[in-house]
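Participant:
Number of protein chains: 2
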Amino acid sequence: MEIAEHKTPARLRTLPSWLINQAAIRANRVTDQALADLGSRRHHFAMLAALEEFGPSSQADLGRCTAIDRSDVVAAIDALAEQGYVQRGPDPSDGRRNVITITAEGTGHLRRLGAVVAAAQDELLRSWSAAERDTLLDLLTRIVSKVP
Amino acid sequence: MEIAEHKTPARLRTLPSWLINQAAIRANRVTDQALADLGSRRHHFAMLAALEEFGPSSQADLGRCTAIDRSDVVAAIDALAEQGYVQRGPDPSDGRRNVITITAEGTGHLRRLGAVVAAAQDELLRSWSAAERDTLLDLLTRIVSKVP
DNA sequence: CACCATCGTTGGCAGAACCATCAATCTGAG
DNA sequence: CTCAGATTGATGGTTCTGCCAACGATGGTG
């Protein structure tokens, strides 16, 4: 008799913040799984991506450009350094800072991470056209880079 | 000399899952703040919205239609019952279930919550056209309601 | 010099998502 | 009818994330 319809209340189904959150849960699940298969997580990927694109950086800069709290950057760099993907050294020109440098192994690891992450995106957006993906990126970018 | 550019690495800036997550962080921040001002949180709003739309329901059904784990539904209903927004009673036709019913105070509270949540959406999507909002909802719905 | 900002680091917090388990109860196949 | 399996509410727990407060050390500025 009871057909399990799993119908979502309209109040939630049409609520942008709820939809964004549910989408994020799904998106994070697939990408986290992909990263975990290689023994990494989101923060690690973000750090390595920033280091490869911007070169050696301080932890504070890494945190700012990836929107990760300074205290969480410490833990991420700790793990990456222990895995040999990153090197941490003092900044000779500023005694407060560390200079984080990506290693050759780090670059290689980033390449592998990038591959599985890209595969995760394809799984998430399977059968989406390039135009639809662009539209999604544009809209989300407007939300993320809002200047109140 | 150093202009704080906060530039996001391209690898992240163009990554759907990263963008969705960042958007969710922002969206959750504004809506959580709005709900907290009235002493509630996301789970509470979802429960009340489901109860108003579908009428008295079991906790398992509430969890399914709002994508909240059964164990988390318990805590949410506990809080709502203590606040008098919901009434919990045994299901006479099924000894395993409870029947959760929204009270008059609950309906009133939901209305207030709905108002502040709507205001939060407007803050999040300030200066977005109706068409743009619809597009966003459509795209996100496709991600959320994917059947693998 | 005094003052304030910044940096790395530590420690901690709350919330969310999720999982395993349990006893009680219902359901359906035989 | 009986029994195996599924469902429900509940409890307890884990993990991760996004934060915040504070600290000592350092840098820059007046």
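Sequence order for the protein chains is L and R.
Note that the first sequence covers residues 1 to 148 in the UniProt record's numbering.
Note that the second sequence covers residues 1 to 148 in the UniProt record's numbering.
Think of the CB as a built atom: it goes at the ideal place given N, C-alpha and C, for glycine as much as any other residue.
A quick note: this is a predicted structure, and the numbers were derived from the prediction, not measured.
Hey, how far is the Cα of Asn98(R) from the Cα of Ser145(L)?
Facilitator: Here the alpha carbons of Ser145(L) and Asn98(R) stand approximately 45 Å from one another.
Participant: Skipping 5 residues on each side, what residues in its chain have a beta carbon closer than 6 Å to that of Ala120(R)?
Facilitator: Val30, Thr31, Ala34
Participant: Check whether the Cβ atoms of Leu48(R) and Ile100(R) lie closer than 8 Å to each other.
Facilitator: no
Participant: For a contact defined as C-beta to C-beta under 7 Å, what are the partners of Ala49(L) on chain R?
Facilitator: Pro9, Arg11, Leu12
Participant: Thinking C-beta only, is Leu139(L) closer than 8 Å to Glu132(R)?
Facilitator: With contacts defined by Cβ atoms closer than 8 Å, Glu132(R) and Leu139(L) form a contacting pair.
Participant: Starting from Glu53(R), find everything on chain L with Cβ-Cβ shorter than 8 Å and list it in chain order.
Facilitator: Pro9, Ala10, Arg11
Participant: Note down, in chain order, every chain R residue with its Cβ under 7 Å from the Cβ of Leu125(L).
Facilitator: Neighbours of Leu125(L) on chain R, chain order: Pro16.
Participant: Between Phe45(L) and Arg126(R), what straight-line distance do the alpha-carbon atoms span, to the nearest angstrom?
Facilitator: If you take the alpha carbons of Phe45(L) and Arg126(R), they lie about 32 Å apart.
Participant: Between the C-alpha atoms of Arg40(R) and Val117(R), what's the straight-line distance to the nearest angstrom?
Facilitator: Arg is not the amino acid found at residue 40(R); the sequence shown has Ser there. Taking the straight line from one Cα to the other gives about 11 Å.
Participant: Nearest to Pro92(L) by alpha carbon, out of Pro56(L), Ala27(L), Val73(L), Arg112(L)?
Facilitator: Pro56(L)
Participant: What does Leu19(R) touch in chain L if you count any residue whose Cβ is under 7 Å from its own?
Facilitator: Leu137, Leu140, Thr141, Val144
Participant: Determine the burial state of Arg111(L): buried for a count of at least 16 other Cβ atoms within 10 Å of its Cβ, exposed for fewer.
Facilitator: exposed
Participant: If you follow the beta strand (DSSP E) that Gly89(L) is in, where does it begin and where does it stop?
Facilitator: 86-91
Participant: Does any residue of chain R bring its CB to less than 8 Å from the CB of Val117(L)?
Facilitator: Val117(L) counts as touching chain R.
Participant: With distance defined between alpha-carbon atoms, name the residue in Gln83(R), Ala60(R), Ile20(R) nearest to Arg142(L).
Facilitator: Comparing Cα positions, the closest option is Ile20(R).
Participant: Across which residues does DSSP place Val99(L) in a beta bridge pair?
Facilitator: Gly89(L)
Participant: Runs of 4 residues minimum, wholly inside the UniProt domain "HTH marR-type" (13-145) of chain R: which ones carry the alpha helix (DSSP H) assignment?
Facilitator: The UniProt domain "HTH marR-type" (13-145) of chain R contains these whole alpha helix (DSSP H) runs: 16-37, 42-54, 59-66, 70-82, 104-124, 130-144.
Participant: Are the CB atoms of Gln87(L) and Ala81(L) nearer to each other than 8 Å?
Facilitator: Yes, the pair counts as a contact, with Cβ atoms nearer than the cut-off.
Participant: Using 8 Å for Cβ pairs, my map puts Ala27(R) next to Pro90(L). What's the rounded Cβ distance?
Facilitator: Wrong, their Cβ atoms sit about 39 Å apart, outside the cutoff.
Participant: Establish whether the CB of Gln59(L) and some CB of chain R are separated by less than 8 Å.
Facilitator: no
Participant: Measuring only between beta-carbons, confirm whether Glu132(L) sits less than 8 Å from chain R.
Facilitator: In terms of beta-carbon proximity, Glu132(L) lines the interface with chain R, with at least one pair separated by less than 8 Å.
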